[in-house]
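Residue numbers (the working numbering), protein chains in the order written: chain D, 1 to 358; chain P, 359 to 716; chain G, 717 to 1074; chain X, 1075 to 1432; chain Y, 1433 to 1790.
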Amino acid sequence: MKFSKGSRKSALHKVTEHLTGEFRTKQETGTLEKTIIELISYNEESVFMEENKPVDELLDQCDRKRKNWLNVDGLTDRNMIDRIAAKFDLHHLLIEDIMNVDHQPKTDELDDHLFLTLKMFYRFDEEKIDYEHISFVLGKNYLLSFQEKEGDIFSGIRTRIKQDNGIIRKRGTDYLLYRLVDAIVDSYYSVLEKIGEQVESIEENISKNPTVKDFQQIQKIRKEFIYLRRVVYPLREAINKLVKNENGFIDENNEKYFADVYDHVIHLIDSLDTYKDLTSTMMDLYMNTINYKMNEVMKLLTIITTIFIPLSFVAGIYGMNFKHMPELAWENGYYGVLAIMGAIFIMMIAYFRYKKWF
Amino acid sequence: MKFSKGSRKSALHKVTEHLTGEFRTKQETGTLEKTIIELISYNEESVFMEENKPVDELLDQCDRKRKNWLNVDGLTDRNMIDRIAAKFDLHHLLIEDIMNVDHQPKTDELDDHLFLTLKMFYRFDEEKIDYEHISFVLGKNYLLSFQEKEGDIFSGIRTRIKQDNGIIRKRGTDYLLYRLVDAIVDSYYSVLEKIGEQVESIEENISKNPTVKDFQQIQKIRKEFIYLRRVVYPLREAINKLVKNENGFIDENNEKYFADVYDHVIHLIDSLDTYKDLTSTMMDLYMNTINYKMNEVMKLLTIITTIFIPLSFVAGIYGMNFKHMPELAWENGYYGVLAIMGAIFIMMIAYFRYKKWF
Amino acid sequence: MKFSKGSRKSALHKVTEHLTGEFRTKQETGTLEKTIIELISYNEESVFMEENKPVDELLDQCDRKRKNWLNVDGLTDRNMIDRIAAKFDLHHLLIEDIMNVDHQPKTDELDDHLFLTLKMFYRFDEEKIDYEHISFVLGKNYLLSFQEKEGDIFSGIRTRIKQDNGIIRKRGTDYLLYRLVDAIVDSYYSVLEKIGEQVESIEENISKNPTVKDFQQIQKIRKEFIYLRRVVYPLREAINKLVKNENGFIDENNEKYFADVYDHVIHLIDSLDTYKDLTSTMMDLYMNTINYKMNEVMKLLTIITTIFIPLSFVAGIYGMNFKHMPELAWENGYYGVLAIMGAIFIMMIAYFRYKKWF
Amino acid sequence: MKFSKGSRKSALHKVTEHLTGEFRTKQETGTLEKTIIELISYNEESVFMEENKPVDELLDQCDRKRKNWLNVDGLTDRNMIDRIAAKFDLHHLLIEDIMNVDHQPKTDELDDHLFLTLKMFYRFDEEKIDYEHISFVLGKNYLLSFQEKEGDIFSGIRTRIKQDNGIIRKRGTDYLLYRLVDAIVDSYYSVLEKIGEQVESIEENISKNPTVKDFQQIQKIRKEFIYLRRVVYPLREAINKLVKNENGFIDENNEKYFADVYDHVIHLIDSLDTYKDLTSTMMDLYMNTINYKMNEVMKLLTIITTIFIPLSFVAGIYGMNFKHMPELAWENGYYGVLAIMGAIFIMMIAYFRYKKWF
Amino acid sequence: MKFSKGSRKSALHKVTEHLTGEFRTKQETGTLEKTIIELISYNEESVFMEENKPVDELLDQCDRKRKNWLNVDGLTDRNMIDRIAAKFDLHHLLIEDIMNVDHQPKTDELDDHLFLTLKMFYRFDEEKIDYEHISFVLGKNYLLSFQEKEGDIFSGIRTRIKQDNGIIRKRGTDYLLYRLVDAIVDSYYSVLEKIGEQVESIEENISKNPTVKDFQQIQKIRKEFIYLRRVVYPLREAINKLVKNENGFIDENNEKYFADVYDHVIHLIDSLDTYKDLTSTMMDLYMNTINYKMNEVMKLLTIITTIFIPLSFVAGIYGMNFKHMPELAWENGYYGVLAIMGAIFIMMIAYFRYKKWF
């Protein structure tokens, strides 16, 4: 297996690196040295959580009569993941999709479990966007979640299970999956919000005094939309598959929750498209404003040149050193020429006024 | 529920605020402090209306043998809405869609009621567009309507029910729904009309004397189209679901009414697309006119410069102070130079004439 | 019914007016003061025509065993139309579609009749396009046609029925419908032909000497395409419904005739799209030609300026009045300077030649 | 029938003439005065060909037990075509499609024969494209082909039938149809090849020294693509119908041959689209190269002007005739000014160097 | 068969040559003089490989009870290929698709074998892209592969079969097909990676100092995308057919492997589209930067001209030689004029500052 897979993955990895450029960082911050595994086993009556234990011990504690959420933070410990795969009978292609952090969002319905992979944003600021690769395996009474990096987005849900408020402990692991996916989709909104703020501030700048920097900002945002689209568009299809629920992995009563998430993804895509349209409107506006200023510059150049070049010519005439230039000897020659120049000046100004140049 | 929902809603709200920018106002005007609830219960024989009563009392008066229209103005009194939900067995996700004023138009067919949400414009002028979020729940012999703001668009229909003219009291609540939706879709036409007037006036300006302001106006209208499209396009799908009527919430005899509304929505979308095409034609026209004017400016600059610079050079020659410049001493040197200058001038003019520059 | 419908229609009417602008005229010419009704009742053996009779009398003469073509010119006499509706059991929504001259082309299959509405061009020249709204109701042995304005496009078919040549009297009213629709679709070709002539003449102008007027002409034609598309595109769907003939309103033997009309509509749409592509090619050509001319202007400006400004500078040097300027006293100083100037001139020319500027 | 059909055809003809412009020639060359009819009757054992005989005689010789290929060159002899129609029971709408040389490619499956019409290119050079309208009627053991103009593209197949090499005589008329259609589709490739050569030569010109002529060439090719698309796109649908072969006109063993032709049409369309994309790339390249040259021109103008205008001003100062100008009397005033001028000159050059202008 | 096929192929070949231009090289390097044929026959227990033997001998050694992989390098020996075709009952149209190196990727499901053809890149650098045409025929227990050129991409898989590690020898020839196709799709990623590096380096250049060369580079990459799209887009459809596996050529257990390849192709297309969007963003950036620099140039020109032309005019005034010019005789006339010039200069500078020109 080494040959083809090995070579592809390295190529694929580089492709993605190029595609995301400085956009996706080298994961210095969030990448885990160690893979952390945590089990939350619950039913309506009780809940217990286990962490920092050997993987085999945790796997043994999965009681198929209770609901088990096994959360794995970090994808570096291949051995641990292989053991989980053996326990839950996961195909090695599925494991590869879990490990491949560049994989696109998708839902696969397999024989006795459902596989869902998507991206989560956990940092988005002026400097960079950082997202991580998250995969879920939903089976009967168990939910496995694999996170690329350690994150705290699920901590709210963890607390909720512990405290037993809400209906989360009454329902199955499919409802838990909904809660987790819902939390992830929420994270997209804050990204969109950031972009919204950027768009707004650029738009204000452009309408006042557009600079090259604004244009570069617009281009940067357009690039961000290109990346976001890559992440959000396939998500629609993936969630839709959950809503259709052809193989019954989702309880019928919970279908409407995924339909709700689907609505949100549609809304996201729609907002993304709207922003994209807005940026193209902004680019038109920018271009036109720049153009307009340029025209003003050209007009000024033309006015000054057109007025003074003929005047200078007249002055040039009477600067000639011919012996016989009768005008030069006239008593009021000088004043006459000044008068003529004044007349030309006024005519020119009148002409430009008539043309509404200023 | 607080964590994920709360955070999303605030993010979502901000996103929408950005998207609509100054476009959608902060609802100072129409937002209700108090939620007003009103019940109109009618059948072919009689009608009674109740308002300003405690919600429980009103809900008790809903006689399932009569047709009941329960209209709620304002979405701030969560408690009241929860009671209505309990009475009519509405799912909490549905309630959230009613409360979420940024939700996109959609139709959902549930077990024993049909849910429809859409937007209504109630103000559209030079300064701002204001729309409100309206939701309907249609069940057997009852229709619930939830309005974000107090409005008078339904007052005509209310009067009609009271006076018992038309067929409105003879038919079921599905027909009432049609009448309300029809009134809302009508409100879109007046928005379109306003935009039509704006487009027309801009087009006239551009063909006469295009200014930057016209361009900004075009951009503003294009932005308005982007927003309108967001509201109207999903409406098509929503109404279409009503026309298809797969679960029989609409009486078969009333299907054609919704088909009629559907026709109007198609017409709206079509008009919107046509206007959009027109604005892009206008932008081309604007750009070209600006370009044309610029070319005129450049031509003038070129003509003046090209004529006078060589003439000035000639004058410059004879302004030199060399001791031995025979021409300067010639009797008619001055007149000769003037003649040469005149010749150059005429040749230049002839050249430009030949090139059809003016 | 007055409230919602009334207000919509006025809004809708204004929208359409804006959309069509000066394009669609105010119908001074063709609008009928009086609604004219005419009955042609025929079978294979005989034919009789009645006109200028009270509507009730005409309706009584409709013999359901013969084939009846009832043609109504003018849509102003609501009373007459209501009587026809009563006689043929037409729903009031259908009547509204007949009356609404802005309605888009569509086919509706109802319980016992088929409804088809479309537009017909009857005038298209330099100044304006005029089309009218035509609706057909096809039932068993009867065909109702409602024309917005009096026209003579159907007179050929009327004559044909009278003279009993062709197969028109042998076949049912569905065949008559085909003949009428076919005549209308023919009218589109002459519009397309007019536009074709305009496109051709503009293209010739542009390749010779493009002016702003040509550009405005292109824009005008593009606007015309936008309007035509609105009329022709939905027609495809409407005719297609006739071809599919799911409810059997068309005799199977006549289906191929409608398929033929459908082919023509497809050809129309295709020609429209081709013309549209051509106009965008023309715009590119126009823009480029204008651009090219501008470049020529700029080159001339640059050549003249670049040659004479250095020369003038040299002349300026020796126009200075310093006491101690040895060159001025040189015997051949003047001729030397002239030689230098000549050399600069020739070098400049050579440079521009080398750069292939002229 | 005369009225509507007559008027349409003339309009339709003019439309097509405009659309194809100088593109499609007036058919002086290939149009036949006389309609030539030729019968090739063959089976596995024998073949006989008849030409230049009266149509009725030829039709009588069609032996329904043999395979008959009746080829008609020229569409002017309506009488002859009507007789063929009578013999083979062709509907008059089908005859009209055969006669209408502007009809778009399509396949129609009728009761007992299949109708296929398409275009064939027989001349394509610098000056013009000439294509002809060809129609086929495939029935049991007979194939009718109607060519607008006399051509020799089928002569190879004719020879092949005569000489009985290949499998052509062993198979039915559906295989013959395949061979003819295949030969026609081949003719498209040579057109594409010509365009390919043009595109290549223009691309070379542009990268060297783009002129307006190159741009006009690109526009011409883009127009040619618009026309080609009109001919090739509907062909895909037409051939696809043959491949699907729903009514069994094609022998199942021969279906794969048509699938092969279909592959070629797809390849044609794909190549067409690729060329189209290439031309738009070329236009961008052209525009940019022109733009770049313009910028060079403007830079030169700016450099010369910016250097010499200040210098001339200095010279102008000391050309003034004030009585009291102390510098003028200085011993080294002249040299000082020259030095200052030299310093300005060097600074300006250094500035432009710094700005990397040359 | 010679006539039509011969002429088409030559035309088709030329078309493809134009399309790929200097892009696809004339295959000097990789084209084989000799066709090499190699048989790998294996089952779970044993494997033997045969090479450099006469084709008939090899074909005799194909044991239908073992799994046989027959790999043909080079497509020039038509005779050998015909013998293989006879042995495995391949239709001559299929053989033509194998031989036609310009054929587009596709999957055909035939009676007792499956045919798949696609392209493989084996060289892609600054100078050229080289891809080869590869076809597979998958039947019961045999897999035929036809390569246009000798390559070593399959050598890893060959070794793997020999060494019997992995599951490759346990599974059928359909799994072998997956491994080969997977290796080919991998080759696309390295091409994409190269392009990614180019895009990145151009983007850096543009943001610093855009030159015409950068623009030409962008255009070159855009052309490469056009070619890549031609190769990759139809591959999606071809692989999808394998995944659907309607006729059961693929073992059900192996379907998921092809689904995995399909995922990769989707990812490729998606990356291609993203890159395409990026290049258009880059073009906008390039254009704008160029434009911005041009504006700077024009501003400089305008500033210099606007400041010095009026000043020169003033100097010109006092350079006139009129006898009676009182200012000339004033004691401080010269200083006064210098003062006025200074004032004009400062005012102009202040104006430009106010206008924020520098």
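Ideal Cβ placement from N, Cα and C applies to all residues, glycine included.
All values reported here derive from a predicted model rather than from experimental measurement.
Item	Value
Specify whether the stretch 1222-1229 of chain X and the stretch 1238-1250 of chain X touch according to this definition: at least 3 beta carbon pairs, one from each stretch, less than 8 Å apart.	no
Rounded to a whole number of angstroms, what is the C-alpha to C-alpha distance between G/GLU761 and G/ASP824?	32 Å
Buried or exposed for G/PHE974, going by 16 or more other Cβ atoms inside 10 Å?	buried
Under a three-way DSSP split, which group does P/LEU448 fall into?	coil
If the criterion is Cβ atoms closer than 8 Å, does the pair Y/MET1512 and Y/ILE1469 meet it?	yes
To the nearest angstrom, report how far apart Y/LEU1660 and P/VAL590 are at their CA atoms.	39 Å
If I'm right that G/VAL901 touches G/HIS980 with Cβ under 8 Å, what's the distance once you round it to whole angstroms?	5 Å
When you check each C-beta in the stretch 1740-1757 of chain Y against every C-beta of chain D, which residues fall closer than 8 Å?	ILE1741, PRO1742, SER1744, PHE1745, GLY1748, ILE1749, GLY1751, MET1752, ASN1753, PHE1754, LYS1755, HIS1756, MET1757
Verify the CB distance criterion: does Y/GLU1678 have a CB-CB separation below 8 Å to chain X?	no
Taking only beta carbons into account, state which residues of the stretch 1344-1377 of chain X come closer than 8 Å to chain Y, listed in chain order.	ASP1344, SER1345, THR1348, TYR1349, ASP1351, LEU1352, THR1355, ASP1358, LEU1359, ASN1362, THR1363, ASN1365, TYR1366, ASN1369, MET1372, LYS1373, LEU1375, THR1376
With a cut-off of 8 Å, does the C-beta of G/ARG740 fall near any C-beta of chain P?	Caution applies to G/ARG740, whose pLDDT of 42 falls short of 50 and renders its modelled position unreliable; the value that the coordinates give is listed next. By this cut-off, G/ARG740 is not an interface position.
Using a Cβ-Cβ cut-off of less than 9 Å, list which residues of the stretch 332-345 of chain D approach chain Y; keep chain order.	ASN332, GLY333, TYR334, TYR335, VAL337, LEU338, MET341
Residues in the same chain with beta-carbon distance under 6 Å from P/TYR533, minus the five sequence neighbours each way, listed in chain order, please.	ASN612
Note down, in chain order, every chain X residue with its Cβ under 8 Å from the Cβ of G/LYS972.	HIS1165, LEU1167
Can you pull the DSSP bridge partners for D/ASP108?	D/PHE115
Quick one: grab the DSSP three-state call for G/LYS924.	helix
Considering Cα atoms alone, identify which of D/HIS103, D/LEU90, D/ASP112, D/ASP77 is closest to D/ILE250.	D/ASP112
Is it true that the CB of P/ASN646 sits closer than 8 Å to the CB of G/MET1010?	no
With distances taken between CB atoms, is the gap from Y/TYR1694 to Y/ASN1672 smaller than 8 Å?	yes
Out of Y/ASP1509, Y/TYR1474, Y/HIS1756, which one is the CA nearest neighbour of Y/ARG1592?	Y/TYR1474
Do Y/ILE1739 and Y/PRO1642 have their beta-carbon atoms positioned less than 8 Å apart in this structure?	no
When burial is assigned at 16 or more other CB atoms within 10 Å of the CB, is G/GLY1052 buried or exposed?	exposed
Looking at the strands, I want to know which residues DSSP matches up with Y/ASN1500.	Y/SER1473, Y/TYR1574
Provide the residue span of the alpha helix (DSSP H) that contains X/GLU1131, from first to last.	1129-1135
8 Å is my cut-off, CB to CB: does G/ASP976 come that close to chain X?	yes
In whole angstroms, what is the alpha-carbon distance linking P/THR389 and P/GLU506?	Its pLDDT being 48, under 50, P/THR389 is placed unreliably in this model, and the value from its coordinates should be taken loosely. Approximately 7 Å between the Cα atoms of the pair.
Of all Cβ atoms in chain X, is any one closer than 8 Å to the Cβ of G/THR1022?	yes
Between which residues of its own chain and D/ASP214 is the CB-CB distance below 8 Å, once the five residues before and five after are set aside?	ILE202, ASN205, ILE206, TYR286
Beta carbon of P/ILE492, beta carbon of P/LEU476: below 8 Å?	yes
Buried or exposed for P/LYS566, please, with buried defined as at least 16 other CB atoms from any protein chain shown within 10 angstroms of its CB.	exposed
Identify every residue that forms a DSSP beta bridge with G/TYR847.	G/PHE837
X/MET1399: buried (16+ other C-beta within 10 angstroms of its C-beta) or exposed?	buried
First and last residue of the alpha helix (DSSP H) that includes G/VAL1013?	971-1033
So, is P/ASP690 buried or exposed, given that buried needs 16 or more other C-beta atoms within 10 angstroms?	Reading off the sequence shown, one finds Asn at residue 690 of chain P, where the question assumed Asp. Exposed is the call here.
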